[in-house]
Structure formats: structure tokens, C-alpha cells
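A short write-up of the structure that comes next.
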Amino acid sequence: MQKEAAIREPLILGHKTYHDITEDVCRPIEDKAPKMWYTLFGIALIIGLYGVGCILYLLGTGIGVWGLNKTIGWAWDITNFVWWVGIGHAGTLISAVLLLFRQKWRMAINRSAEAMTIFAVFMAGLFPLIHMGRLWVGYWVLPLPNQFGSLWVNFNSPLLWDVFAISTYLSVSLVFWYIGLIPDFATIRDRAKKPLSKKMYSILAFGWSGRAKNWNRFELVSLVLAGLATPLVFSVHSIVSFDFATSVIPGWHTTIFPPYFVAGAVFSGFAMVQTLLLVMRKAMGLEAYIHTKHVEYMNIVIMVTGSIVGTAYITELFISWYSGVEYESYAFINRATGPYWWAYWSMMTCNVISPQLMWIPKLRRSLLFTFFISIVVNIGMWFERYVIIVTSIHRDYVPAAWSMHFPSHIDIGVYIGTIGLFFVFFLLFARFFPVLALNEVKTILKGSGQSYKESPDYHKHH
Amino acid sequence: MSDKVIYVMYDDDEALKDSAKKLVSKGVKISEVFSPFPIHGIDPIIGIKNTRLGIMAFLYGLTGLTLATLGMRYFMVTDWPMNIGGKPNFSYLDNMLAFVPISFEFTVLCAAHGMAITYLLRNKTLPGMPAQNPDPRTTDDKFVMEIRLNENHGISEAELDEMLKETGFFELDKKEIN
Chain A
1 MQKEAAIREP
11 LILGHKTYHD
21 ITEDVCRPIE
31 DKAPKMWYTL
41 FGIALIIGLY
51 GVGCILYLLG
61 TGIGVWGLNK
71 TIGWAWDITN
81 FVWWVGIGHA
91 GTLISAVLLL
101 FRQKWRMAIN
111 RSAEAMTIFA
121 VFMAGLFPLI
131 HMGRLWVGYW
141 VLPLPNQFGS
151 LWVNFNSPLL
161 WDVFAISTYL
171 SVSLVFWYIG
181 LIPDFATIRD
191 RAKKPLSKKM
201 YSILAFGWSG
211 RAKNWNRFEL
221 VSLVLAGLAT
231 PLVFSVHSIV
241 SFDFATSVIP
251 GWHTTIFPPY
261 FVAGAVFSGF
271 AMVQTLLLVM
281 RKAMGLEAYI
291 HTKHVEYMNI
301 VIMVTGSIVG
311 TAYITELFIS
321 WYSGVEYESY
331 AFINRATGPY
341 WWAYWSMMTC
351 NVISPQLMWI
361 PKLRRSLLFT
371 FFISIVVNIG
381 MWFERYVIIV
391 TSIHRDYVPA
401 AWSMHFPSHI
411 DIGVYIGTIG
421 LFFVFFLLFA
431 RFFPVLALNE
441 VKTILKGSGQ
451 SYKESPDYHK
461 HH
Chain B
1 MSDKVIYVMY
11 DDDEALKDSA
21 KKLVSKGVKI
31 SEVFSPFPIH
41 GIDPIIGIKN
51 TRLGIMAFLY
61 GLTGLTLATL
71 GMRYFMVTDW
81 PMNIGGKPNF
91 SYLDNMLAFV
101 PISFEFTVLC
111 AAHGMAITYL
121 LRNKTLPGMP
131 AQNPDPRTTD
141 DKFVMEIRLN
151 ENHGISEAEL
161 DEMLKETGFF
171 ELDKKEIN
């Protein structure tokens, strides 16, 4: 059993036993869903279906229904893509990077953060696919021998790197998540009373029995997958940034993009985790496992990554002036003072100022304030991508080609729709899946549980 | 050949580990331990070797890297040397840097999935498999040790019962199997 410092706050509050942890996590799955769940699910489903309708209309009519024009060929779709991929990054960071750093507080939040990752990457993947216009030829991005002669996909192109990065990221995250879920499904299976749920969870649990050798393999597989997922998560958003950084558009071809995008991704991802978990812990009665300390740790991550993002914004500005390239300078002057000044300054306010408030301990330990800031950060990070993408291309080298981007109602509908679909998935997850890695949490009960830490035996040597 | 299996249940992981240590020192062979979460340090006590899945992951990763390299060399250099701005890919090395991201992604893809599939196969955990734990409580808060009489020839059942009693178990269950 691992001991930790007495002054460190316990991670599990109250007097919990192993059985209590099982009860607390499984009860919401076994009980009838509360009315609130149906209400939220209904709202999310309606919004999601509206989004599906917009996508079908888009596919039937063509990309022209978006607010794009000959100058601005990428706008809301790629903004939303980058936004969703970014949100996805927190889950892998929590489950992989924090596992390598042996951060025990991750155990209470990794399961739902990973679920969030997977659903967010689903939503992200949708945008490049529908941007193809002809969704049914989407498989052309794969290196397949084809009937049009020996023409292959272009392996020199960052857009193809993105195909590989996103699909690897999605499938590896899914596997990592499911391998952790198997033992917890076994717990639900062994408790299930109704024949249907027993049958369903038996299938999902893959016949897990918790033998010592299985656990030995489980721990190694988790460690190696974490080791693989850590560079993977950094590579994915670096590659997303290459989509822009390898181009020759002023405002895009910036070498600072990879680290700046990765920090921004973690920043927005943690904000989304906060938004979801602050509601979930309350609705599902998990306050003993996800409490102020966890929120504070996450706020510190938001503060650090937010500061990196802020530094990157200012560095970008400085370099655009220092480079002496007038096109580069203009791209940034135009961002701050041009027709999209409001987007730029919303981004600056939301992403540079708001995380700095987390230096104040009272604020970063306040749940209400955290919830508010998490929404602000999500809005700010959406604007960041919009600013980078649209302001860099709307004023071309030839002034005659200058243009503005106005989103059409299909643009808005598809975006809002993905938020609806995301919540449909997340609510289903919260209803049927163990939202806490319950068997992993049991391993830290004796080391970090409140009742154990307060007992007089805790600091005696065995 | 008929055999008798004894399932000794404990309600604490440390209790199981301590009694396993005592039993093994008296020459008892413990054939299996079932627990809701990994009990750290139990493996050397009951003689479980460390898994070699890590080596497999490395080999799968190596396979991925090789496939990616061979594939991209064939697509971009041999079969259709793409000529961009008068600069075709004459050799793989000329264009190596552009191939790094996909080589990396494909290595990770193969290592992760290869290892995960091997893990599921070696554990015999696949969709639809029946549960094999002796008691449903072992996935909740109970810890069970499995001892087979056939594997403990030098010790009589009565002697074993006596030893087990000293360990302060929670429940004891015996089963005849054929």
C-alpha cells in the first residue's frame, strides 16, 4: 500500500469501503433514470437530429449551402473540426500523461474524460468528411489501389497526415477506454438482477474474471498504451496545426503553431471536462470522488496551458512585426483592427485574461466560478480557431478578391447539431456505463481515502 | 481425475496477501487469486511471472514502422513519383521528413491494436465469453484464493483446513470437480 503526505488532501471523502464505491458508481446505472435525464436527452436528441437534417440537406445540395466563397474556402467547418479535436485532447492527457506521472487524482475523472474524447473526436471527424461534399467517396483518402491508374494519395500532404493521425487517435483512444471498462463491466454484470441487463453486461464484460495474471497484464497494457498515447496526443494536434503551418498564407505559416495548438487543445479540453463533470458529479451523487481538490487541479492545468496560449498569441504578434514581412504584419494588424476585431478581442479576453484569474486560490476552488470560466474558455477557443482560419484568408493578396465570411443557417445548424449529438452520446454513456473507473478508484482508497488518512494507524510503519 | 478445489475468501486485499505469504512459506501452492482490482505485490508470492506483452507491443510497433516505410516508398517513389514543382521523389531519403508523421502514426496504430488484441486473446476475454470468477462478489469487494488439493500432494485436507483457519478468512467454500 502506498502512503502519501498527511497534509495532502484526501482524494476520496467520507468513510467509504470498497463496497460503497461499487454501490455509488453502479446505483445510477441500476436505478431508473431521473426525469431530468429524459429531459436533457430529449433536448440533445432534438438538436442533434436538427444537425443531422442540416447535414443531409448539405449532402443533397452541395457545399454551396455554407457561407463559403471563392476567397474563403475554409471557415466554420474547419473551425469546428479543430475545436472538437482540441476538446478531445483532455481525455487522453488525463488518462495517459497523468498515468505516466502517477497522478492519482486522474482516476476519478479519466473514464468520463476519455468518453468525452471519443465523442468529441467523432464530432471532429464528421467535418472533414462532410466538407468532401461527396461523403460516399470518403474512402478515397485511404491509400487504396484504384481503377483510375496508379495514383496514390499524397503522403507529402499534411491533410493526409491528418487522416492517419485522427483515425489512429480515435481508434487507440477507443481501445484504451474499453480495456479499462472491461473489469468495471464485470462488476456490473455480477451485480445485475434483470436477465436482459445481465446478458448485455456479460457481452460487454468479455468474460472478465479478475485473475491475478489478468491484472498483471492489465497493468502493463495500461502503462504501455499510456506510453503510446502520450506522444500520440501531442502528434495529433501538431499535425492538425500543420494543415495551416505548412501553407504559405500569412497568419498561417507560423512555426509556433504545433506547441501552441497542443497547449490550446489541452486548455479547451480541460474546460470541457470541467463543464461536464461539475454537472455530472452533482446529478449522479459523486461528490465524494470528484470534489474541490480535483476541480482545483484541473484549474491549475487550465491556468498553465492558458498562459502558454497567451504567450503564443503575443509571440505571434511580435514575430509578425519583427519579421519585417509586410503581408505577415498586415495579417495580424487586420486581425486586431479589421472587420473581425470583435472575434479577435473576444478570443483575447476569454483565453488570455480568464485563465489568469485562476492564480487566486479562492476562485479556482469555487465550483460556480469554475463552471462559468469553463464556458468562457470554450467560447474563447472556438473564436481562436475562427480568427486563425477566417481572418488569415478573407483578405487575399489581390484586394479585388477581398471578402467576408457570413455563416449560413446550415453552418450554424451543423455546428449546433454536433453539440446536440455529443450530448446524446455523453448522456447515453452516463446512463449505461460506469462513469468512474470504479475498480481503479478502489486501489487508491487506502492511500488517499479520508477515513484511512485520518485513522491513527495510517502513519505507522507495517 | 477428480479434484477438490478450496475457495478461500477474504474481505481485504492486505489480509489475502498476508495469508498467501504465510501459506506459501508453509509449502502450499496457491493456484489462482481473483480480485476486483490489482493487488500489488501478489504476483511474486503466488509465483506469477511478469507478462511479456510489452515485448509484443514493441514487435508490433516495429512491424508497423516497417510496413509504413515500405508502403510509402512504393507509393511515392517506385510506383508514382509525384513531381511537385519539378522536384520528384527520386529516393525515399530525399523525402524522408514528409514521411515521419505517418510512419509514427502507423507505428502507434499497430503497436496499440496488436497489443490490445493479444491481451484479449491471452486473457481469453472476448465478447460473449462466460464469467469464470467463482463468486460474483470478487468483482465487488471480496478477494478469493483458489487452492487445489491435487497440486498439494504433501499436505492433507485436514492440515490445510487448520492452516487456513489461522489466516482468518471471511468465507470458505469447497467444490469437487472432475
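Same order as they appear, the protein sequences are chains A and B.
Residue 1 is where the first sequence starts when you use this note's numbering, and the numbers rise one by one after that.
Residue 1 is where the second sequence starts when you use this note's numbering, and the numbers rise one by one after that.
Glycine is no exception: its CB is placed at the ideal position from the N, C-alpha and C atoms.
Because the structure is a prediction, the values reported are computed rather than measured.
Please classify H462/A: is it buried, with 16 or more other beta-carbons within 10 angstroms of its beta-carbon, or exposed?
-> As a working note, residue 462/A is residue 462 in the first sequence. Any reading at H462/A must be qualified, since the residue scores a pLDDT of 48, below 50, and its modelled position is unreliable; the value itself is stated next. Exposed is the call here.
Cα-Cα, which of K104/A, G413/A and N351/A is closest to G449/A?
-> Along the first sequence, read from residue 1 onward, the residue named residue 449/A stands at position 449. Just measuring C-alpha positions, the residue of K104/A, G413/A and N351/A sitting nearest G449/A is K104/A.
How many angstroms separate the CA atom of H303/A from the CA atom of G91/A?
-> As a first step, residue 303/A is located in the first sequence; it is residue number 303 there, counting from the start. As a first step, residue 91/A is located in the first sequence; it is residue number 91 there, counting from the start. It is worth fixing the name first, because residue 303/A is Met in this sequence and not His. Near 17 Å, if we compare the C-alpha coordinates of G91/A and M303/A.
Measure the C-alpha to C-alpha separation of S323/A and M404/A and round it to an integer number of angstroms.
-> Here residue 323/A corresponds to residue number 323 of the first sequence, with the count starting at 1. Here residue 404/A corresponds to residue number 404 of the first sequence, with the count starting at 1. Rounded to the nearest angstrom, the two C-alpha atoms are 27 Å apart.
Which residues share a DSSP beta bridge with G449/A?
-> As a first step, residue 449/A must be located in the first sequence, where it is residue number 449. According to DSSP, G449/A bridges with I12/A.
Range covered by the beta strand (DSSP E) that runs through I412/A | Taking the first residue of the first sequence as position 1, residue 412/A is located at position 412. No beta strand (DSSP E) holds I412/A; the alpha helix (DSSP H) holding it covers H409 to F432.
Alpha helix (DSSP H) runs wholly inside the region 240–289 of chain A, at least 4 long, in chain order = 257–283
Excluding the 5 residues preceding and the 5 following S247/A in the sequence, name in chain order all residues of the same chain whose CB lies nearer than 7 Å to its CB.
-> What you label residue 247/A is simply residue 247 of the first sequence in a count that begins at 1. Hits under 7 Å: H253.
Below 8 Å on the Cβ atoms is my guess for S374/A versus A271/A; work out the distance and round it to an integer in Å.
-> The sequence position of residue 374/A within the first sequence is 374, counting from 1. The sequence position of residue 271/A within the first sequence is 271, counting from 1. Going by Cβ atoms, the distance from S374/A to A271/A rounds to 4 Å, so yes, they are a contact pair.
If you follow the beta strand (DSSP E) that M303/A is part of, which residue opens it and which one closes it?
-> Counting from 1 along the first sequence, the entry for residue 303/A is found at position 303. No beta strand (DSSP E) contains M303/A, which is instead part of the alpha helix (DSSP H) from T292 to Y322.
Spell out whether any CB of chain A is found under 8 Å from the CB atom of M9/B.
-> Translated into positions along the second sequence, residue 9/B becomes position 9. M9/B does not count as touching chain A.
In terms of residue numbering, what span does the alpha helix (DSSP H) encompassing M129/B cover?
-> The residue given as residue 129/B occupies position 129 in the second sequence. Element bounds for M129/B: n/a, residue is neither H nor E.
From I117/B to A186/A, what does the alpha carbon distance come to, in whole angstroms?
-> As a first step, residue 117/B must be located in the second sequence, where it is residue number 117. As a first step, residue 186/A must be located in the first sequence, where it is residue number 186. If I take the Cα positions, the gap works out to 19 Å.
Quick one: is F127/A buried, meaning 16 or more other Cβ sit within 10 Å of its Cβ, or exposed?
-> Residue numbering aside, residue 127/A sits at position 127 when the first sequence is read from its first letter. Taking all protein chains in view, the Cβ of F127/A is crowded by 16 or more other Cβ atoms within 10 Å, so the residue is classified as buried.
At least 3 beta-carbon pairs within less than 8 Å: the region 160–178 of chain B vs the region 4–17 of chain B = yes
Specify, as a first and last residue, the run of the alpha helix (DSSP H) that M36/A falls within.
-> On the first sequence, residue 36/A is found 36 positions in, with the first residue counted as 1. DSSP places M36/A inside the alpha helix (DSSP H), whose first and last residues are K35 to T61.
Separation of A68/B from V153/A, as counted between CA atoms = In the first sequence, residue 153/A corresponds to position 153, counting from 1. In the second sequence, residue 68/B corresponds to position 68, counting from 1. Whole-angstrom Cα-Cα distance: 14 Å.
Between the CA atoms of L40/A and P34/A - distance to the nearest angstrom = The residue labelled residue 34/A in the question sits at position 34 within the first sequence. The residue labelled residue 40/A in the question sits at position 40 within the first sequence. If I take the Cα positions, the gap works out to 10 Å.
Going straight from the alpha carbon of C54/A to that of G125/A, what length do you get?
-> Stepping through the first sequence from its first residue, residue 54/A is reached at position 54. Stepping through the first sequence from its first residue, residue 125/A is reached at position 125. Between C54/A and G125/A, the C-alpha separation is close to 16 Å.
Quick one: list the residues of chain A neighbouring P81/B, beta-carbon separation under 8 Å, in chain order.
-> Stepping through the second sequence from its first residue, residue 81/B is reached at position 81. Neighbours of P81/B on chain A: none; closest Cβ ~11 Å, over 8 Å.
Where do the ends of the beta strand (DSSP E) carrying F34/B lie?
-> Within the second sequence, numbered from 1, the residue matching residue 34/B stands at position 34. E32 to F34 is the extent of the beta strand (DSSP E) around F34/B.
Among E151/B, T107/B, F169/B and G168/B, the one whose alpha carbon lies nearest that of V182/B | Here chain B comprises residues numbered 1 to 178, so residue 182/B is not present and cannot be evaluated.
For F143/B, does the three-state DSSP call read helix, strand or coil?
-> For this step, residue 143/B is matched to residue 143 along the second sequence. Of the three classes helix, strand and coil, the one that applies to F143/B here is strand, per DSSP.
Enclosing beta strand (DSSP E) for D11/B [first to last residue] = Locating residue 11/B in the second sequence gives position 11, counting from the first residue. Note, D11/B: premise wrong, no beta strand (DSSP E); not H, not E.
Report the rounded CA-to-CA distance for R335/A versus V233/A, giving the unit in angstroms.
-> Taking the first sequence and counting its residues from 1, the one referred to as residue 335/A is at position 335. Taking the first sequence and counting its residues from 1, the one referred to as residue 233/A is at position 233. So the two alpha carbons sit approximately 29 Å from each other.
The region 206–223 of chain A contacting the region 74–82 of chain A, beta-carbon criterion three pairs below 8 Å | no
Note down the Cα distance separating T26/B from M280/A, rounded to an integer number of angstroms.
-> The residue given as residue 26/B occupies position 26 in the second sequence. The residue given as residue 280/A occupies position 280 in the first sequence. Note that residue 26/B is Lys in the sequence shown, not Thr. Between K26/B and M280/A, the C-alpha separation is close to 50 Å.
Find the residues of chain B that neighbour P463/A, judging by a C-beta separation of less than 9 Å, and give them in chain order.
-> A query on residue 463/A cannot be resolved here, the shown segment of chain A reaching from 1 to 462 and no further.
Outcome for T168/A when other beta-carbon atoms lying within 10 angstroms are tallied against a minimum of 16 = Along the first sequence, one-based indexing puts residue 168/A at 168. The residue in question, T168/A, is buried, as its Cβ has 16 or more Cβ neighbours within 10 Å.
Which bits of chain B does T230/A rub up against, with CB to CB less than 8 Å?
-> Taking the first residue of the first sequence as position 1, residue 230/A is located at position 230. Per Cβ cutoff of 8 Å: no residues; T230/A is ~10 Å from chain B at best.
Does the separation of the CB atoms of R364/A and E296/A fall below 8 Å?
-> Taking the first sequence and counting its residues from 1, one reaches residue 364/A at position 364. Taking the first sequence and counting its residues from 1, one reaches residue 296/A at position 296. Taking the C-beta atoms as reference points, E296/A is found nearer than 8 Å to R364/A.
Burial state of N439/A (16 or more Cβ within 10 Å) = Within the first sequence, residue 439/A is the residue found at index 439, counting from 1. Buried: at least 16 other Cβ atoms inside 10 Å.
Mind listing which residues of the region 122–138 of chain A have their C-beta closer than 9 Å to chain B's C-betas, in chain order?
-> none
Taking only beta-carbon atoms, is V179/B less than 8 Å away from chain A?
-> In the structure as shown, chain B begins at 1 and stops at 178. Residue 179/B is therefore absent and cannot be evaluated.
Nearest residue (CA-CA) to Y178/A, options R134/A, E114/A and R189/A | Numbered from its first residue, the first sequence carries residue 178/A at position 178. Residue E114/A is the option with its Cα nearest to Y178/A.
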